[in-house]
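Numbering-wise (our numbering), the sequence shown opens with residue 7 and increments by one.
Glycine included, C-beta positions come from ideal geometry on N, C-alpha and C.
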Amino acid sequence: MKKRFATTLLATLIATSAQAYQAGDFLLRAGPAGVLPTGDSDDTGLGAGTKVEAQDAWSLGITFTYMATDNIGVGVLAAWPFTHDIDGAGTISSVGTVGETKHLPPTVTVQYHFDSGSNLHPYVGAGLNYTYFFDEKTKGALAGESLSLDSSWGLAGEIGVDYDLQNDWLLGAQLFYIDIDTKAKVSGAAGNFDVEIDPWVVMFSVGKKF
Ligand code: NI
């Protein structure tokens, strides 16, 4: 019984025929997305070598692609807000978490979709990101100070792949690199300083073609 169920499930999941995307197709995907920062800040006003850095954050990502031609798509990355801890780094890496921020990083890319002749739909993309920070808080060693982070405009690159399932369902994986730089404004001695966030954004999704 279990075996028959598994066989039926497998048959349902595996598409019968490979079909390239076509102009007018609309692809919607949703799943876990991680924003994994690679950068840190310039020195804060607390002294040479005193830095902060944003930590990894996961949330619900939503992406869609509109195929303008059979190969060229316009992609949008949207998400539920990400919440990052901001930790001490450099000479103050021992202080732990000193702040927190939420952000939304909407990103628009132009994608080139390769026609692989199989159930796999690989693509590459490049475009523009806008990141809006909100609900900034201080804690730990900076508790009691105010914190605000400027919005960021930057370039974004992307690679991705969709895998066809039955009935226009698909599995997706996407990897973005996004240039996100902000200015932190902290009351008190820490003062104002630039912060490089420059994250990898990785997303795994289930989607559907309309
Ligand atoms: Ni940068």
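Using the DSSP secondary-structure output, state which residues sit across from Tyr72 in a beta bridge. Phe32, Val80
Given the structure, does Gly213 come close to the ligand NI, in the sense that its CB is under 8 Å from one of the ligand's heavy atoms? no
Which whole-angstrom value describes the C-beta separation of Ile92 and Gly105, a residue pair presumed to lie in contact below a C-beta threshold of 8 Å? 4 Å
Closer than 8 Å to a non-hydrogen atom of the ligand NI - does that hold for the CB of Ile78? no
Where the beta strand (DSSP E) containing Asp141 begins and where it ends: 126-144
Would you kindly report the start and end of the unbroken beta strand (DSSP E) that includes Glu202? 198-202
Going by Cα to Cα distance, which pick from Asp170, Ala36, Ile203, Tyr72 is closest to Leu155? Ile203
Cβ of Gly45 within 8 Å of any heavy atom in the ligand NI? yes
Using CA coordinates, which residue listed in Gly51, Ser100, Lys143 is at the minimum distance from Glu151? Lys143
At a cut-off of 8 Å, is Glu59 close to the ligand NI when judged by its beta-carbon and the heavy atoms of the ligand? no
Among the candidates Pro87, Gly81, Phe216, whose CA atom is the shortest distance from the CA of Asp170? Phe216
Run of the beta strand (DSSP E) containing Ala190, from where it starts to where it stops: 187-192
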